[in-house]
Amino acid sequence: MGQELTHRYTHVEAGLVENVVIRRTTDTDAYPSGWKYTLHLGTLQDLTLIRYDNAHEDTKGHELHTAAGDADVEFPGMEELIVEFWASADEYWDTIGGTPPRPY
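Here you go:
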């Protein structure tokens with residue numbers, strides 16, 4: 001099954017790393033949403049602050065990982081999810097004066 005890279009970037013600044021990979025996929029058995037994605041913000045010391053992913057969508061669904069733990073989340077659509085991720089990540093970036101690349 002095919003995957004088409006839709007959006008990808010990594011930004012490292014002031015001890016934080018933001019990594020976003022979004023792919024459109026035709027593998028709807030493994031990814032019923034039609035998307036394969038990882039939206040990650042963490043520290044250079046390997047602490048996950050926020051990560052949305054669907055690495056196991058066919059068995060576990062869509063997940064939110066934080067330093068406090070993991071949770072299943074509803075998938076509102078790719079555009080809505082990236083906006084939600086950026087809003088959450090910006091709270092961290094704002095505290096350090098970081099400037100990740102955003103197309104908005």
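This note's numbering numbers the first residue of the sequence shown as 1 and each following residue consecutively. Note that CB positions come from ideal geometry on N, CA and C, so glycine has one too.
E4 has its alpha-carbon roughly 19 Å from the corresponding atom of D58.
The residue from T99, P100, W35, L47 with its alpha-carbon nearest to that of G61 is W35.
For L81, the enclosing alpha helix (DSSP H) starts and ends at 78-96. G77 is the residue among G77, E18, I96, E91 whose C-alpha sits nearest the C-alpha of S33. Under the three-state reduction of DSSP, E57 is assigned to helix.
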